[in-house]
Amino acid sequence: MPVQLADLALMKRKGTPKGITSVCSAHPLVLRAALRHGAAQGSTVLIEATCNQVNHQGGYTGMRPADFAALVFRLAEEEGCPADLIVLGGDHLGPNPWRDRPAGEAMAEAETMMAAYVEAGFRKIHLDASMGCQGEPDALDDETTAARAARLAAVAEASARKAGGALPVYVIGTEVPPPGGADHALTAIEPTGADAARRTIAVHRRVFAEAGLSDAFARAIGLVVQPGVEFGNHNVILYDRSKITPLTGVLADEPQFVFEAHSTDYQGTVPLAALVEDGFPILKVGPELTFVLREALYALDLIASDLLDGYGDRPLHRAMEMLMRAEPGHWRRHYHGTAAEERLLRHYSLSDRIRYYWAAPEAQAATRRLVEALSGQVVPLPLFWQHLPAAAHFADRPLDPDALLVWRVTQSLASYHAACGL
C-alpha cells in the first residue's frame, strides 16, 4: 500500500519510519518522470506548487492552481498513473507574492489564492504567513504568524467543504532555507532550536483553538524546521544527525507531528535515509531535478553538435545564454562575481535558476530542435562515454531523447524512493 501523509507520524512512533518525496517543480518532463516512477512503484506521488510559481494571478509559470492540477492529471493519464496515487500540495501559501503591499491587501490576495488552490484539489497545505508586508519587519513574531495562518486555514476549510472531497492536511512552521538555495558558499547551517519548534506548535494550537479551528489543527501533520541541510550556488551542506538530537525530542512530546525538510536537494541516499529515520519523512526536492534535466539536455546538445552536420555548435546552450542575458530578472540578485563567474553560474549553479527560463518560447524552440534532431538517431557509444557516460545504455540504437531525459530525472527520484524506505 502506498504511504499516506496522515500515517507518517504513526509509523515514526511505531519504529517503522517511511518517507514521501515532495516533488517541487512545474517542468512537464520532471512531472512526467515523477508520475511514471510513481506508477511503476505503486507509491504516492506528492507534487507541490509554490505561491510564487502558481497562484490565482498565474504566478511566474502563468498557471493558476486549476491549470497546474489539469497538467498533472493529463500527464498522469498519459503515464498510466492512477489518480488515487497523486497528492497535490501548496507550498508557502501566504502573502509572500504581495509582501510589497500593506498587510491587509496582501492577506486578501493570499486568501483568494488559498481558495483557488483548495478548490482545484490541492489538499496538502503549507501555511506560511511569516513574512512581513509593507512597513513590517521581514520576519514576523509567532503570534502574528499564527493569526494569519489561522485566517488562511479558515478559507481552506470553507473551500474544501464547498468543493467536496477530503479536508486538507496542514503543515505549519516557516524556519526554512532560502527558496532555491543560498546565494553564497556555505560552511555550516544551524538546525532549528527545540524550544523554538515547541513554541511554534503551542502558539498555533492556541490561536487555532481561539479561532474555532481546533478540528483543522488536528489535521496538522507537519512542522517545517531547519534540519541543518542546505545548498548554495557552489556547495552542499550534508545532514549531520548528531546536531539535531534536541530537535527530534520535540516529536516525542508532539505525537501528531513529523518534520518537513526543505532544500534536501543533492543530499544523496544515505543522508536522506537518515533524515527519514530521524523524523523528517517529507523530503522536498526541486532544483536538483531540473539541474539533472539541464545536465542531460546540455549533454545531448554536445552530442548533436558532434554527431550531426548542420546542427551547429551547442545551439541550445547559446539560446539559453542569450535568453538569460536578455532577461536577467530571475538570476541577477543571486549570482555575483566577474563576468566569467556569472556566466558559469547562469548555467551550472546548484540553485539552478536557469529553471525559470525553460518555458520561454526561445528555450522551447531550442529544446524542440534538439529533440527533433536526435530523435531516431543512432548515437555511438564513445559519444555517450564522452558527454553522458551514465546513459551509455542508450547507445547504438535509435534514440528517444525524451525517454533519456525522463530516465535522468528518475535516477534522482529513485535515490529519494530508496531513502524513504519504500
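Taking numbering that gives the first Met the number 0, the leading residue of the sequence shown gets 0, the next gets one more, and so forth. Where a beta carbon is used, it is the ideal one built from N, C-alpha and C, also for glycine. Please read these numbers as outputs of a predicted model, since none were measured by experiment.
Identify whether residue i lies in helix, strand or coil by the three-state DSSP scheme.
| i | result |
| --- | --- |
| S224 | Note that residue 224 is Val in the sequence shown, not Ser. Looking at V224 - three-state DSSP - the assignment turns out to be coil, as it is neither helix nor strand. |
| A188 | Residue identity check: residue 188 is Ile in the sequence provided, not Ala. In this structure, I188 counts as coil in the three-state DSSP scheme. |
| D83 | helix |
| H333 | coil |
| V168 | strand |
| F290 | helix |
| V2 | coil |
| F279 | coil |
| A219 | strand |
| D182 | Per-residue confidence for D182 stands at a pLDDT of 49, beneath the threshold of 50, marking its modelled position as unreliable; no derived number is given. |
| L386 | Note that residue 386 is His in the sequence shown here, rather than Leu. Here H386 sits in helix by DSSP. |
| E259 | strand |
| L301 | helix |
| Y356 | helix |
| S350 | coil |
| G328 | helix |
| T173 | coil |
Classify residue i as buried or exposed, calling it buried when 16 or more other Cβ atoms lie within 10 Å of its own Cβ.
| i | result |
| --- | --- |
| K161 | exposed |
| S91 | Looking at the sequence shown, residue 91 is not Ser but His. Counting Cβ neighbours within 10 Å, H91 comes out buried, since at least 16 surround it. |
| H335 | exposed |
| L4 | buried |
| I345 | Residue 345 is actually Arg in this sequence, not Ile. Flag for R345 reads buried. |
| H392 | exposed |
| D300 | buried |
| S411 | buried |
| V378 | buried |
| S158 | buried |
| R331 | exposed |
| Q385 | exposed |
| R205 | exposed |
| M321 | exposed |
| S374 | exposed |
| D264 | buried |
| L139 | buried |
| M112 | buried |
Could you spell out where the beta strand (DSSP E) holding residue i opens and where it closes?
| i | result |
| --- | --- |
| T20 | I19 to V22 |
| D140 | No beta strand (DSSP E) holds D140; DSSP gives it neither H nor E. |
| L70 | It is not in any beta strand (DSSP E) - L70 instead sits in the alpha helix (DSSP H) that spans P64 to E78. |
| H392 | It is not in any beta strand (DSSP E) - H392 carries neither H nor E in the DSSP assignment. |
Looking only at its own chain, which residues have a Cβ that is under 7 Å from the Cβ of residue i, when we skip the five neighbours before and after it?
| i | result |
| --- | --- |
| E78 | R31, L34, R35 and A38 |
| D99 | Q133 |
| A75 | L34, A82 and I85 |
| G58 | N51 and Q52 |
The alpha helix (DSSP H) that contains residue i, what's its start and end?
| i | result |
| --- | --- |
| P30 | In the sequence under discussion, the amino acid at residue 30 is Leu, which differs from the Pro named in the question. Where L30 is concerned, the enclosing alpha helix (DSSP H) stretches over P27 to Q40. |
| V202 | A193 to E209 |
| E110 | A102 to E118 |
| A325 | P314 to A325 |
| T247 | T244 to D252 |
| H55 | No alpha helix (DSSP H) holds H55; DSSP gives it neither H nor E. |
| H416 | P400 to A418 |
| L343 | A338 to Y347 |
Return the bridge partner residues of residue i from the DSSP annotation.
| i | result |
| --- | --- |
| K11 | None, per the DSSP bridge assignment. |
| G375 | G375 is not bridged to any residue. |
| T49 | D90 |
| F230 | V235 |
| V154 | V154 pairs with nothing; no bridge assigned. |
| K161 | In DSSP, K161 forms no bridge with anything. |
| L126 | L92 |
| V284 | V22 |
| V370 | Answer is none; V370 lacks a bridge partner. |
| V44 | I85 |
For residue i, I'd like the list of residues in its chain whose CB is within less than 6 Å of its CB, leaving aside the five on either flank, ordered along the chain.
| i | result |
| --- | --- |
| T268 | S414, A417 and A418 |
| T144 | A128 and S129 |
| R407 | V291 and A295 |
| D182 | Confidence is the limiting factor: at D182 the pLDDT is only 49, short of 50, which leaves the residue's position unreliable, though a coordinate-based value still follows. H333, listed in sequence order. |
| V117 | A155, S158 and A159 |
| C50 | H91, L92, N95 and P96 |
| A272 | A418 |
| P190 | Q225, P226, G227, K242, I243 and L246 |
| H203 | A145 and I171 |
When you measure from the CB of residue i to every non-hydrogen atom of the ligand GDP, does any distance come out below 7 Å?
| i | result |
| --- | --- |
| P190 | Judged by which ligands are present, the structure shown has none, so any question about the ligand GDP falls away. |
Residues in the same chain with beta-carbon distance under 8 Å from residue i, minus the five sequence neighbours each way, listed in chain order, please.
| i | result |
| --- | --- |
| K11 | L250, V257, G278 and P280 |
| G164 | G120 and R122 |
| V275 | P16, K17, G18, L282, A418, C419 and G420 |
| D137 | M130 and G131 |
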